[in-house]
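Be aware that the sequence shown starts at 979, since it is given in the working numbering, and climbs by one per residue. We treat Cβ as the ideally placed atom computed from N, Cα and C, and that holds for glycine.
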Amino acid sequence: MTFRKCLMTIVVSATVFILGPLAVPAGAGPADKNRGTAIGIEDLSAWETEATFEALERYVHLGHDIFDYSGASRDPMVEEELLEEYAAVLMVEGWQIQGTASELVGLTEKAELHEQASIAFRAACGGRNGFQAAPPAVLLDSCAATALQNAYAAGSGVAGLAALITSYTGAGPLIAGSIASMMVIASGLVGVCNSWGRGIKVFATGGCWSQ
979 MTFRKCLMTI
989 VVSATVFILG
999 PLAVPAGAGP
1009 ADKNRGTAIG
1019 IEDLSAWETE
1029 ATFEALERYV
1039 HLGHDIFDYS
1049 GASRDPMVEE
1059 ELLEEYAAVL
1069 MVEGWQIQGT
1079 ASELVGLTEK
1089 AELHEQASIA
1099 FRAACGGRNG
1109 FQAAPPAVLL
1119 DSCAATALQN
1129 AYAAGSGVAG
1139 LAALITSYTG
1149 AGPLIAGSIA
1159 SMMVIASGLV
1169 GVCNSWGRGI
1179 KVFATGGCWS
1189 Q
(Lines of atoms letter the chains of each structure in order from A and count residues from 1; the text may use other names and numbers.)
(Lines give C-alpha, C1' and ligand atoms only; values in the text may rest on other atoms or scores of the structure.)
Protein backbone atom coordinates (compact mmCIF):
# COMPACT_ATOMS: atom_id res chain seq x y z
CA MET A 1 0.00 0.00 0.00
CA THR A 2 1.41 3.39 -0.97
CA PHE A 3 1.90 6.16 1.58
CA ARG A 4 -0.81 8.26 -0.12
CA LYS A 5 -3.29 5.38 -0.09
CA CYS A 6 -2.54 4.61 3.55
CA LEU A 7 -2.91 8.28 4.45
CA MET A 8 -6.27 8.58 2.71
CA THR A 9 -7.54 5.39 4.38
CA ILE A 10 -6.65 6.74 7.82
CA VAL A 11 -8.26 10.09 7.07
CA VAL A 12 -11.51 8.66 5.75
CA SER A 13 -11.74 6.09 8.55
CA ALA A 14 -11.37 8.87 11.11
CA THR A 15 -13.98 10.95 9.34
CA VAL A 16 -16.45 8.06 9.19
CA PHE A 17 -15.91 7.38 12.91
CA ILE A 18 -16.62 11.03 13.72
CA LEU A 19 -19.61 11.48 11.41
CA GLY A 20 -21.34 8.10 11.45
CA PRO A 21 -23.97 7.28 8.77
CA LEU A 22 -24.85 10.10 6.38
CA ALA A 23 -28.51 10.19 7.27
CA VAL A 24 -30.62 13.34 7.44
CA PRO A 25 -30.49 14.45 11.10
CA ALA A 26 -33.65 14.28 13.20
CA GLY A 27 -35.26 17.70 13.42
CA ALA A 28 -33.53 18.94 10.29
CA GLY A 29 -35.14 21.81 8.46
CA PRO A 30 -36.89 21.45 5.08
CA ALA A 31 -33.77 22.38 3.10
CA ASP A 32 -31.71 19.69 4.85
CA LYS A 33 -34.40 17.06 4.31
CA ASN A 34 -34.71 17.98 0.65
CA ARG A 35 -30.94 17.70 0.28
CA GLY A 36 -30.89 14.12 1.53
CA THR A 37 -33.75 13.11 -0.72
CA ALA A 38 -32.43 14.96 -3.77
CA ILE A 39 -29.11 13.17 -3.84
CA GLY A 40 -30.48 9.79 -2.78
CA ILE A 41 -28.19 9.25 0.19
CA GLU A 42 -30.84 8.66 2.83
CA ASP A 43 -30.17 4.91 2.68
CA LEU A 44 -26.41 5.10 2.06
CA SER A 45 -24.02 4.47 4.91
CA ALA A 46 -20.81 6.45 5.30
CA TRP A 47 -18.92 3.34 4.18
CA GLU A 48 -20.93 3.09 0.94
CA THR A 49 -20.30 6.76 0.27
CA GLU A 50 -16.59 6.31 0.96
CA ALA A 51 -16.46 3.31 -1.39
CA THR A 52 -17.99 5.39 -4.18
CA PHE A 53 -15.48 8.23 -3.80
CA GLU A 54 -12.60 5.75 -3.59
CA ALA A 55 -13.77 4.08 -6.82
CA LEU A 56 -14.10 7.46 -8.55
CA GLU A 57 -10.35 8.01 -8.08
CA ARG A 58 -9.84 5.79 -11.17
CA TYR A 59 -11.96 8.00 -13.41
CA VAL A 60 -10.86 11.50 -12.41
CA HIS A 61 -7.88 12.82 -14.40
CA LEU A 62 -6.53 15.62 -12.24
CA GLY A 63 -4.46 18.19 -14.09
CA HIS A 64 -6.43 17.62 -17.28
CA ASP A 65 -9.92 18.32 -15.88
CA ILE A 66 -11.33 15.15 -17.45
CA PHE A 67 -13.87 12.80 -15.88
CA ASP A 68 -14.67 9.38 -17.40
CA TYR A 69 -18.39 9.25 -16.64
CA SER A 70 -19.05 6.20 -18.81
CA GLY A 71 -16.38 4.17 -17.06
CA ALA A 72 -17.58 5.22 -13.62
CA SER A 73 -21.19 4.40 -14.48
CA ARG A 74 -20.22 0.78 -15.19
CA ASP A 75 -18.31 0.38 -11.92
CA PRO A 76 -20.33 -1.72 -9.42
CA MET A 77 -18.72 0.12 -6.51
CA VAL A 78 -20.13 3.49 -7.63
CA GLU A 79 -23.54 4.61 -6.37
CA GLU A 80 -25.53 6.11 -9.25
CA GLU A 81 -27.00 9.06 -7.33
CA LEU A 82 -23.62 10.22 -6.05
CA LEU A 83 -22.04 9.73 -9.48
CA GLU A 84 -24.64 11.83 -11.29
CA GLU A 85 -24.35 14.77 -8.91
CA TYR A 86 -20.54 14.61 -8.88
CA ALA A 87 -20.37 14.58 -12.69
CA ALA A 88 -23.01 17.30 -13.10
CA VAL A 89 -21.14 19.73 -10.86
CA LEU A 90 -17.83 19.00 -12.61
CA MET A 91 -19.62 19.79 -15.88
CA VAL A 92 -20.76 23.14 -14.48
CA GLU A 93 -17.16 23.86 -13.50
CA GLY A 94 -16.01 23.34 -17.09
CA TRP A 95 -14.56 19.84 -16.89
CA GLN A 96 -14.59 17.56 -19.93
CA ILE A 97 -17.05 14.76 -19.18
CA GLN A 98 -16.47 11.62 -21.24
CA GLY A 99 -19.71 9.80 -22.00
CA THR A 100 -22.20 8.83 -24.68
CA ALA A 101 -24.52 11.40 -26.22
CA SER A 102 -27.49 10.15 -24.20
CA GLU A 103 -25.47 10.20 -20.97
CA LEU A 104 -24.32 13.76 -21.59
CA VAL A 105 -27.86 14.97 -22.34
CA GLY A 106 -29.04 13.65 -18.99
CA LEU A 107 -26.08 15.19 -17.17
CA THR A 108 -26.61 18.56 -18.87
CA GLU A 109 -30.13 18.70 -17.47
CA LYS A 110 -28.81 17.96 -13.98
CA ALA A 111 -25.98 20.47 -14.40
CA GLU A 112 -28.51 23.23 -15.03
CA LEU A 113 -29.94 22.62 -11.56
CA HIS A 114 -26.52 23.21 -10.00
CA GLU A 115 -25.42 26.12 -12.17
CA GLN A 116 -27.27 28.73 -10.11
CA ALA A 117 -25.00 27.95 -7.14
CA SER A 118 -21.85 28.67 -9.17
CA ILE A 119 -20.26 32.11 -8.86
CA ALA A 120 -17.77 33.99 -11.04
CA PHE A 121 -14.38 34.33 -9.42
CA ARG A 122 -13.07 37.82 -8.71
CA ALA A 123 -9.51 39.10 -8.97
CA ALA A 124 -9.72 40.26 -5.34
CA CYS A 125 -10.17 36.77 -3.88
CA GLY A 126 -8.29 36.36 -0.61
CA GLY A 127 -6.12 33.29 -0.04
CA ARG A 128 -5.41 30.52 -2.53
CA ASN A 129 -6.77 27.19 -3.71
CA GLY A 130 -4.83 23.96 -3.27
CA PHE A 131 -4.29 20.77 -1.29
CA GLN A 132 -1.86 19.73 1.43
CA ALA A 133 -1.04 16.12 2.25
CA ALA A 134 -0.04 16.41 5.90
CA PRO A 135 -2.22 16.99 7.74
CA PRO A 136 -4.74 16.34 4.94
CA ALA A 137 -6.58 19.56 4.14
CA VAL A 138 -7.89 21.58 1.22
CA LEU A 139 -7.14 25.27 0.76
CA LEU A 140 -9.95 27.43 -0.58
CA ASP A 141 -9.63 31.11 -1.41
CA SER A 142 -12.41 33.37 -0.17
CA CYS A 143 -14.31 33.18 -3.48
CA ALA A 144 -14.16 29.38 -3.63
CA ALA A 145 -15.22 29.14 0.01
CA THR A 146 -18.17 31.42 -0.72
CA ALA A 147 -19.10 29.32 -3.76
CA LEU A 148 -19.02 26.18 -1.63
CA GLN A 149 -21.17 27.81 1.03
CA ASN A 150 -23.65 29.01 -1.62
CA ALA A 151 -23.81 25.53 -3.16
CA TYR A 152 -24.64 24.01 0.22
CA ALA A 153 -27.32 26.63 0.87
CA ALA A 154 -28.81 25.97 -2.58
CA GLY A 155 -29.19 22.27 -1.76
CA SER A 156 -26.04 20.61 -3.10
CA GLY A 157 -25.29 17.33 -1.36
CA VAL A 158 -22.08 15.57 -0.47
CA ALA A 159 -21.25 14.58 -4.06
CA GLY A 160 -21.81 18.09 -5.40
CA LEU A 161 -19.65 19.63 -2.69
CA ALA A 162 -16.95 17.00 -3.31
CA ALA A 163 -16.95 17.86 -7.02
CA LEU A 164 -16.49 21.55 -6.23
CA ILE A 165 -13.60 20.74 -3.88
CA THR A 166 -11.96 18.58 -6.57
CA SER A 167 -12.41 21.31 -9.17
CA TYR A 168 -11.12 24.15 -6.97
CA THR A 169 -8.25 22.41 -5.19
CA GLY A 170 -7.10 19.40 -7.22
CA ALA A 171 -7.84 17.02 -4.33
CA GLY A 172 -8.97 13.56 -5.49
CA PRO A 173 -12.51 12.25 -4.90
CA LEU A 174 -11.64 10.27 -1.77
CA ILE A 175 -10.20 13.23 0.17
CA ALA A 176 -12.76 15.64 -1.33
CA GLY A 177 -15.58 13.28 -0.41
CA SER A 178 -14.49 12.92 3.20
CA ILE A 179 -14.24 16.70 3.61
CA ALA A 180 -17.60 17.24 1.89
CA SER A 181 -19.19 14.67 4.23
CA MET A 182 -17.85 16.55 7.22
CA MET A 183 -19.16 19.84 5.80
CA VAL A 184 -22.66 18.43 5.30
CA ILE A 185 -22.80 17.63 9.01
CA ALA A 186 -21.11 20.86 10.20
CA SER A 187 -23.05 23.12 7.85
CA GLY A 188 -21.90 26.43 9.34
CA LEU A 189 -18.21 25.55 9.32
CA VAL A 190 -17.19 27.23 6.06
CA GLY A 191 -19.01 30.47 6.80
CA VAL A 192 -17.36 30.89 10.19
CA CYS A 193 -13.85 30.21 8.89
CA ASN A 194 -14.35 32.42 5.84
CA SER A 195 -15.60 35.41 7.83
CA TRP A 196 -12.16 37.08 7.70
CA GLY A 197 -12.11 37.02 3.89
CA ARG A 198 -8.61 35.52 3.70
CA GLY A 199 -9.59 32.08 2.44
CA ILE A 200 -9.81 28.92 4.52
CA LYS A 201 -8.04 25.66 5.24
CA VAL A 202 -10.47 22.76 5.84
CA PHE A 203 -9.13 19.59 7.45
CA ALA A 204 -10.41 16.14 6.50
CA THR A 205 -10.76 15.08 10.14
CA GLY A 206 -12.82 18.14 11.07
CA GLY A 207 -12.18 21.79 11.77
CA CYS A 208 -10.92 24.69 9.71
CA TRP A 209 -8.74 27.77 9.95
CA SER A 210 -8.55 31.06 8.15
CA GLN A 211 -5.58 31.14 5.77
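Quickly, what does DSSP pair residue 1140 with across the bridge? List them, please.
-> DSSP output for residue 1140 lists no bridge partner at all.
Alpha carbon to alpha carbon, what distance is there between residue 1088 and residue 1081?
-> 11 Å
Label residue 1151 either buried or exposed according to how many other C-beta atoms from any shown protein chain fall within 10 Å of its C-beta, with 16 as the threshold for buried.
-> buried
Should residue 1127 be labelled buried (16 or more other beta-carbon atoms within 10 Å of its own) or exposed?
-> buried
Supposed close pair residue 1118, residue 1177 - CB separation, criterion 8 Å | 6 Å
Helix, strand or coil at residue 1156 [DSSP, three-state] = helix
Would you mind working out which of 1056, 1042 and 1045 sits nearest residue 1026, comparing C-alpha positions?
-> 1056
Opposite residue 1168 in the DSSP bridges: which residues?
-> Beta-bridge partners assigned by DSSP to residue 1168: none are found.
State yes or no: is the C-beta of residue 1061 within less than 9 Å of the C-beta of residue 1051?
-> yes
Using the Cα positions of residue 1049 and residue 1075, report the straight-line distance between them to the nearest angstrom.
-> The alpha-carbon atoms of residue 1049 and residue 1075 are separated by roughly 11 Å.
With DSSP as the reference, label residue 1127 as helix, strand or coil.
-> helix
Residue 1070: first and last residue of the uninterrupted alpha helix (DSSP H) it sits in | 1058-1070
Please go through the same chain and pick out, in chain order, the residues whose beta-carbon is closer than 7 Å to the beta-carbon of residue 1093, but skip the five residues on each side of it.
-> 1070
Any idea if residue 1154 is buried or exposed, counting beta-carbon neighbours within 10 angstroms, 16 or more meaning buried?
-> buried
Exposure label - residue 1038; buried when at least 16 CB within 10 Å = buried
Identify whether residue 1084 lies in helix, strand or coil by the three-state DSSP scheme.
-> helix
Return the first residue and the last residue of the alpha helix (DSSP H) that residue 1024 is part of.
-> Start and end: 1024-1034.
Straight-line Cα distance separating residue 1068 from residue 1043 = 9 Å
For residue 1115, which option in 1105, 1077 and 1185 has the closest C-alpha, if you only look at C-alpha atoms?
-> 1185
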